[in-house]
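In the working numbering, the protein residues as written are 28 to 197. Working notes for the structure below.
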Amino acid sequence: MSDEDDDDAPVKRKVSGKKLVIFILLPVILIAGAVGAAIALGLFDGLLGGEAPEGEQQVEEAKAPVIEPPGIFYEMEEMTVSLSGTGTRKNFLVLEVQLELEDPAAVQRMDQLRPKVVSEFNVFLRELRPEELNGSEGAYLVREELYRRVSQVLAPTPVKDLLLVKMLVQ
């Protein structure tokens, strides 16, 4: 009879170390890390009563968005350029560009150097193939290269931006 009583008694099994780590310690560590990160990032400053020092408040007020006044837009004439290609069919690029310049002095400098700028544009554009102008990647390539070239010609006068008003491949 005593053997039967031993079998009916509940058997206590020891919890393995892996289960203890996975189900208890790992969640506790993750929660503690998340709370520590939130405190370090200042997400609980309002709840904990922590105020930013006065110096930091002044810096935040000083970081108000600065709105730049628009520059002067300089419109260049429409350019039609034949593209290089291997086929018998000729392809043309029709391009209209506007430059955004800083001040009236930059406009005067652009008027003086306009032939040189047009020449630089032509040198680059005539070497393009129609395949290179496909999609937005082609327009980006043309815009960046023309901006680089006009900035080199007008240096030290800054050019704010170059706008592609019209770009048509025929």
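Glycine included, each C-beta is placed from N, C-alpha and C at the ideal position.
Could you give the distance in angstroms between the alpha-carbon of residue i and the alpha-carbon of residue j?
i: Tyr167; j: Glu105; result: 18 Å
i: Gly162; j: Ala182; result: 31 Å
i: Leu195; j: Gly165; result: 11 Å
i: Ala64; j: Ile51; result: 20 Å
i: Arg156; j: Thr107; result: 14 Å
i: Val192; j: Glu123; result: 5 Å
i: Val93; j: Leu47; result: 56 Å
i: Gly112; j: Glu154; result: 9 Å
i: Gly69; j: Gly44; result: 36 Å
i: Val55; j: Asp72; result: 23 Å
i: Gln197; j: Arg116; result: 10 Å
i: Ala133; j: Leu57; result: 59 Å
i: Pro142; j: Gly114; result: 31 Å
Identify, in the order they occur along the chain, each residue of the same chain with its Cβ nearer than 8 Å to the Cβ of residue i, setting aside the five sequence neighbours on each side.
i: Glu127; result: Pro97, Gly98, Ile99, Phe100, Tyr101, Val186, Lys187, Asp188, Leu189 and Leu190
Excluding the 5 residues preceding and the 5 following residue i in the sequence, name in chain order all residues of the same chain whose CB lies nearer than 7 Å to its CB.
i: Ser178; result: Val186
i: Glu129; result: Gly98, Pro185 and Lys187
i: Arg170; result: Leu189 and Leu191
With a threshold of 6 Å on Cβ separation, who are the neighbours of residue i within its own chain once the five nearest residues in sequence on each side are excluded?
i: Met137; result: Tyr101
i: Gln135; result: none
i: Val121; result: Thr107 and Leu195
On a Cα-Cα basis, can you pick out the residue from the options that is closest to residue i?
i: Phe25; options: Tyr174, Leu53, Ile56 and Gly69; result: The question about residue 25 has no answer, for the chain in this structure spans 28 to 197.
i: Asn118; options: Ser146, Leu57, Leu152 and Val192; result: Leu152
i: Gln139; options: Leu53, Gln125, Gln197 and Val180; result: Val180
i: Val144; options: Glu172, Val62 and Glu158; result: Glu172
(request) Please list the segments of the alpha helix (DSSP H) lying wholly inside the stretch 77 to 151, counting only runs of 4 or more residues, in order along the chain. (result) Counting only runs of 4 or more, we get 81 to 89.
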